[in-house]
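Chains as they are written, first to last, in the working numbering: chain A, 1 to 117; chain B, 118 to 234.
One structure is given below, encoded as structure tokens.
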DNA sequence: GTGCTGTCTAGACGTTCATCTAATCAGCAA
DNA sequence: TTGCTGATTAGATGAACGTCTAGACAGCAC
């Protein structure tokens, strides 16, 4: 696989309900959300993330009604967003999740328990 | 690890790392992520969510380099995604967050274990 | 009423995106 | 080598998106 250009990985870990983002943080976050802002990609991500193991592209594609190249394109978007990674082994290519990214987004959106104010 | 203290509220609340989404769930989720997939909207959301109170549009707009109508358009997108709501009072319009939506997304993306594997 | 301010709506314009087909690359087996 | 399969890349096309200007609307003050 060619080297992929990842968006800035770390930095922001304060929930948006606690502090507003500066423009650069917002750009980073929006870029990752954009990767999840497509029904097919979100479903791809959920399939890979829930597998508990790596998943072969050959097992993914039949679940969708779009062409193989389209799936490949969406997987590339997820890859470039740092949400998944992949490796070719022989004939097949396997994908697995990079959970740090999901955790980061989850933290970003988390809201303190709505207990007493 | 300490159980994540995120409030599980409504409808879809199984993290994608536990179960894959069906197409309908993916479409719902993607629609909300799309609302956050723009730098200006994500920053708007963070300003409103972090305010701890409602925010006047007149206090929001000066923070951005785009025109008033553009801000208005983005606020409408956030509104239609169920992320914020607003009310006109006299001359000014005030926005506040709807935290259930954020909680839902946060839960969706949460990763159960610190991924020891 | 007139005038002013704050916000939203309408329409246009250029860019970005999702999708397809066709072609290419990677690996395996005669 | 040739042939076949799985996956990605390249290029084209139509739809969706972000932004703008101009105009409309809501409310307040005079």
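Glycine residues also receive a C-beta, built at the ideal position from the N, C-alpha and C atoms.
Residues that DSSP places opposite residue i in a beta bridge
i, result
"residue 92 of chain A", "A:89"
"residue 84 of chain A", "A:97"
Reduced DSSP secondary structure (H/G/I, E/B, other) of residue i
i, result
"residue 56 of chain A", "strand"
"residue 71 of chain A", "helix"
"residue 229 of chain B", "coil"
"residue 183 of chain B", "coil"
"residue 106 of chain A", "helix"
"residue 131 of chain B", "coil"
"residue 7 of chain A", "For residue 7 of chain A, the predicted model reports a pLDDT of 45, less than 50, meaning its position is unreliable; a value from the coordinates is still stated below. Of the three classes helix, strand and coil, the one that applies to residue 7 of chain A here is coil, per DSSP."
"residue 136 of chain B", "coil"
Endpoints, the alpha helix (DSSP H) within which residue i is located
i, result
"residue 149 of chain B", "140-153"
"residue 39 of chain A", "39-50"
Selected residue, minimal CA-CA separation from residue i, among the options
i, options, result
"residue 34 of chain A", "A:59, A:91, A:83, A:103", "A:83"
"residue 18 of chain A", "B:137, B:160, B:203", "B:160"
"residue 183 of chain B", "B:158, B:225, B:227", "B:158"
"residue 197 of chain B", "B:216, B:205, B:148", "B:148"
"residue 64 of chain A", "A:77, A:87, A:39", "A:39"
"residue 166 of chain B", "B:228, B:225, B:220", "B:220"
"residue 153 of chain A", "B:207, B:224, B:132", "There is no way to answer for residue 153 of chain A, as the model of chain A reaches only from 1 to 117."
"residue 20 of chain A", "B:217, B:164, B:226, B:203", "B:164"
"residue 217 of chain B", "A:99, A:100, A:105, A:110", "A:110"
"residue 104 of chain B", "B:222, B:186, B:162", "Coverage of chain B is limited to positions 118 through 234, which leaves residue 104 of chain B absent and any answer about it impossible."
"residue 36 of chain A", "A:77, A:87, A:68", "A:77"
Proximity test, residue i beta-carbon vs the ligand COA heavy atom, cut-off 8 Å
i, result
"residue 71 of chain A", "Of the ligands one can find in the structure shown there are none, so the ligand COA has no counterpart to examine."
Subject >> Cβ pair count under 8 Å reaching 3, the region 210-225 of chain B against the region 160-176 of chain B >> reply: yes
Subject >> the region 127-143 of chain B in contact with the region 16-28 of chain A per 3-pair CB rule at 8 Å >> reply: no
Original post:
Pairing CB atoms from the region 56-74 of chain A with CB atoms from the region 185-196 of chain B, are three or more of them under 8 Å?
Top reply: no
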